[in-house]
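Below is one structure, written out as structure tokens; the observations come after it.
Have a look at this one:
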């Protein structure tokens, strides 16, 4: 091929790229480029070499000029097309061009446990003065491989995420920073062990405690898949990337389903892409990324070598910054940070134990402070003040009670127990004999009474029997109709009369044990001690932070319907005398979806449990996932709440999760799924994505019972299945057995 | 009197008896049947006496929804549950009166069914009223130490009573029907048994409470027939003895009255025992506000100590044997008619003193079964079934006489009830034997083998009736 | 051996089966399919998770139970029942003409070719655990059975009796009972193929596989 052919080919590819990016849209500039190129190619045989050269030159200039012009016209959806384009830079390009050398770990092309996830040990060399330093990094990220089929578009399978986690832990051992590169439309939603949701949860939980610097670079940040490696100290976003709670098509499918029964128009997809605020600018404004790295017009492609250089500087700077901000003395840190712009400063990338702890605290605070503007707390000022005071006094109390006295008391108790044990062993036999002797003495004899008890009425304080306690009557019980049990075919269950089913049977088929959905109020009355529930932060309110079309109205409806201001109710209550903090996701409030308000309430509840040294129960009456209409404001709750949970667990808390009905997606893949004790009520469905989404994204046919609790248990996703009628007893039992002597605190 | 339409939610002979009672009282009725039961005489009778609209085919006798759907379509105003099926299902009774289109339930009010259906509650009510119950616990025991203490004193108690080989029973308090019961013969084994039962109960009933009771041997099984209206009047129709049973504790012969001291001598004062259990039963019925027909079941130990076992809040199979010896104004009583009257809120129009007892009744339950082979049910076709007509014989059956009949395998295997009356025990026994001798019950199964029945068993036991 | 081709030709003359759809219980019937000639589908999906065409709803005690077409076919006859009428349990509602699938033809022919072990009595049947385990782990056609072997448990009137197999030795080729449902006396329980005939049977099946065209 001649040089000219090559240049023409090049221009043709540029045109094709532009056409791909702009999709089906009519655009004068694009057609202009097309016709110009076409004219030139038509005229080619009649042109002399110099003419060709000149015209090619001006054509190339025209391309550059118009590309810059088109850049300004990019819509959010165009950006989605950019990052998904096969010509988009991919992680392999970055490894080649940003790092000085690397070894890929556990992958050679398609030979890998999951070719869509790449791990590499890489290093960056820095010349400072005469010295050359090699700085090692763990690079982790999704690989789209310019459209290679086996890369699965960067959609990582659960075991791919598990591999990522494994090497994050290696990085901790080696005390080297982690650079993650996010190139994923979302995780591959299969439930096979370790399970899409549960593995992401494990990753996020682990990242919440990784005490080495983590820098994340986001190109395509698709929901849970992005969060699986995205909990970073610094998040850099490429200017043409997107970071979103759901793909615009997915959002459109959900919105479209509600609206017009299935047909999804490209306009709706465009509108969703716009409304979800998925661009780098939007996310920077909202605070979910730290900075933007500008790409060449219409997005970075492998030939943009300058861009890689910029990226290299950016990740080095980010890493230095993190290290310096937590290292050593405050004053020194400030000075060092100010000097950062000088590339000649060399910063060693290892962290001491203390600095590592500071890093984690900083990371926790960073995420804790996010999305604060995306909900409303209409609690009156004096109540807020009261809360602050009470929180402080609780902290002080807990410190004194558990840290100060607790420690000594424990030592004393242990000693006392040991002594008691000895005494008991010594005297046990003697005492036993003595008591027998005693009973034989005439005065002490109490057998008379016992005989009476055999034939006459004994006293029986029934305590709180089921019937006495069950004062809540489900509105479902107030209708004269029957309901069919879905297992009729299998077990010949009879239709159940609603008053029997919901009044007497707790919504459980008396024949086969199938659980019908039960409203959350039932649990409030039947799980917790009567009159022991005290709600907190009830006035924390869900908003429509993105002004997403229609959400306002839907929220108002939900608020009116449920009497709650958000989909999460937080309260303290007793279970047979054991006080617990509970966060309850209400299925009836927008499907139990989690947005900024819900996340904030959840975090506060976890903090309250930590402060008061109480066990924490997440009761998931149902959750459809993250509230998509809140965009990344919702998505960020995944790492946010998980950080709170981790802090609580590390302080010694006991965190139980109980799933009812349907629990899917984001929450399961983060702050719920990270609990070591997750239980499900029979007939619950638990998973990452619903059957419809799985079918669409993977083309797999999903059996009807794919997500049911028993399958989840067999796959190791949950730790047990409970009957609804036994929840109270089981919870109490769990609290007793897992809590141990000091109940919830180590 | 308001005319009612009564849906008979049952099958077989009881359905026939109820429909006859309805006719005699001037009420309409509706019958139901399932496809297995199409050949039953209760269907034929329904069509004969009520016409084509009085018979509905349903998918199952056990499905309340079928009953209510038929009740609404046929515009029934009351439901008679018979025995078995819904007779003691308080939820069914509750639904009858709480559904949008309300009906009358011919039986006690649902709350009473619920309370007396709970054996622990019944036992506690009895003890509160100083009615003797089986020695042992009257509430679920959860605590192991308490259970052991109770077991120990129960053994001591029996020793004091002179029981030679005391045995106690450990039962899951939530169980029933023979599930989760074990015997303990000596205290050392108690712990192991208790653990086993508790584990079983926790798995099976999600409730690990146990009951601990004395096991009584060689007892007689007696019953007191009670009738009460919803206006506070309670009367009794004497006692029955139902001691002749199959090995599966299924009654085979019932005799009224319960003992016969006129010609049989007992180790205790039989009249006093009978009077005592009648008094106790009436006392309890008044206490709980009983308002229908019902049976108080007793076991009487060889020493003549009665213990209340349970209360059956329904009409029983053997009601006829009490009826045949009862007279009001010289007339034989029909307890089913009385039950229906009271169930439709009528007042009882007689007093205890109006009820007179005459002679002795024996009820035989005739089944195709092999008493020599563990009472195994015999399945096949009945080809010949007949009996002589006697003025002292009442025969209740759903087996057709004019055509062959395949015994359905889905239901209770009772074929017929023969109730014989006699002036005294002697005469009743003779008549019983005479009846059984003349009764013809023949058939063949698919292999050509002849029908096996319990007639011989009934005959053999007739001689020993009421001897304790 | 029977004459398979003759039998096949016989079936070809009327290559369908009429299925009567009846009311499973009492209730008021509302037809969703109202005309003859309408094509209906049976349950579909890998796990038959999508129900067949809705034929009618049976409304009882406030619950509308959908009645779906059990098989693919065409509605050919309605019984004399008015829309909205109260029907008793088992009332025939309509007939569907269902064209035989290859598998069904194979089943018909197998029933003629195999030795059928029939129910000695009416009742529910289960395989004895030894056979049951084998079938569950290795599938049908893995079980050899001999005259006099313990084969089934008959359950009726709450009692269980062991049933011994009578007939030629061979392998259990197909089963015809479902342990949830009662089998009428004389109903086929399973089909046994003598081992030396297994190949013959295979040939028959191959012939049907190639020689039968399914009709819509």
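Residue numbers (our numbering), protein chains in the order written: chain A, 653 to 1398; chain B, 639 to 1106; chain C, 86 to 301.
Backbone N, C-alpha and C fix where the C-beta goes; we use that ideal spot for every residue, glycine too.
Look at the alpha carbon of residue i and the alpha carbon of residue j, and state the distance between them as a whole number of angstroms.
i	j	result
residue 679 of chain B	residue 1034 of chain B	11 Å
residue 683 of chain A	residue 837 of chain A	30 Å
residue 296 of chain C	residue 677 of chain B	46 Å
residue 784 of chain A	residue 862 of chain A	28 Å
residue 97 of chain C	residue 1139 of chain A	38 Å
residue 910 of chain B	residue 859 of chain B	16 Å
residue 927 of chain B	residue 868 of chain B	8 Å
residue 1076 of chain B	residue 1003 of chain B	15 Å
residue 1359 of chain A	residue 144 of chain C	31 Å
residue 1132 of chain A	residue 881 of chain B	44 Å
residue 789 of chain B	residue 1063 of chain A	42 Å
residue 1119 of chain A	residue 815 of chain A	Reliability fails at residue 1119 of chain A, whose pLDDT of 48 lies under 50, so the model's placement of it is uncertain and the value that follows must be treated cautiously. So the two alpha carbons sit approximately 51 Å from each other.
residue 873 of chain A	residue 1149 of chain A	49 Å
residue 702 of chain A	residue 713 of chain A	17 Å
residue 1136 of chain A	residue 214 of chain C	33 Å
Mind pulling the chain A residues with CB within less than 8 Å of residue i?
i	result
residue 774 of chain B	1106
residue 131 of chain C	1353 and 1355
Residue i by DSSP, collapsed to three states: which one?
i	result
residue 972 of chain A	helix
residue 955 of chain B	coil
residue 742 of chain A	coil
residue 938 of chain A	helix
residue 1047 of chain B	coil
residue 125 of chain C	strand
residue 967 of chain A	helix
residue 936 of chain B	strand
residue 704 of chain A	helix
residue 727 of chain A	coil
residue 862 of chain A	coil
residue 685 of chain B	helix
residue 247 of chain C	strand
Residues of chain A with CB under 9 Å from residue i, in chain order?
i	result
residue 736 of chain B	1132 and 1151
According to the Cβ coordinates, are residue i and residue j closer than 7 Å?
i	j	result
residue 646 of chain A	residue 1248 of chain A	Only positions 653 to 1398 of chain A appear in this structure, which leaves residue 646 of chain A out of reach.
residue 995 of chain B	residue 966 of chain B	no
residue 1238 of chain A	residue 1205 of chain A	no
residue 1081 of chain B	residue 1020 of chain B	yes
residue 1167 of chain A	residue 1145 of chain A	no
residue 1290 of chain A	residue 879 of chain A	yes
residue 276 of chain C	residue 201 of chain C	yes
residue 857 of chain A	residue 1298 of chain A	yes
Against residue i, what residues of chain C qualify as contacts under a CB-to-CB distance less than 8 Å, listed in chain order?
i	result
residue 696 of chain B	110, 111, 173 and 174
Cβ closer than 7 Å: which chain B residues qualify as neighbours of residue i?
i	result
residue 207 of chain C	1047
residue 142 of chain C	Within chain B, no residue comes near residue 142 of chain C; the closest Cβ sits about 14 Å away, beyond 7 Å.
Just to make sure I have the definition right: I need the residues of chain A whose C-beta is within less than 7 Å of the C-beta of residue i. Which are they?
i	result
residue 150 of chain C	1136
residue 272 of chain C	What residue 272 of chain C touches in chain A: nothing, since even the nearest Cβ is about 20 Å away.
Can we count residue i as close to the ligand NAD, meaning its CB is less than 6 Å from some heavy atom?
i	result
residue 994 of chain B	Questions concerning the ligand NAD fall outside what the structure shown contains, since it holds no ligand whatsoever.
*Start-end ranges of the alpha helix (DSSP H) lying completely within the region 1018-1077 of chain B, minimum 4 residues*: Every unbroken stretch of the alpha helix (DSSP H) spanning 4 or more residues and falling wholly within the region 1018-1077 of chain B is given here in chain order: 1063-1076.
*Every unbroken alpha helix (DSSP H) within the region 973-1002 of chain B, with a cutoff of 4 residues, ordered by chain*: If we require 4 residues or more, the alpha helix (DSSP H) runs fully inside the region 973-1002 of chain B come out as 973-981.
*Along the chain, which unbroken stretches of the alpha helix (DSSP H) at least 4 residues long are found entirely within the region 857-933 of chain A?*
The DSSP assignment places complete alpha helix (DSSP H) segments of no fewer than 4 residues inside the region 857-933 of chain A at 875-879, 900-912 and 918-927, in order along the chain.
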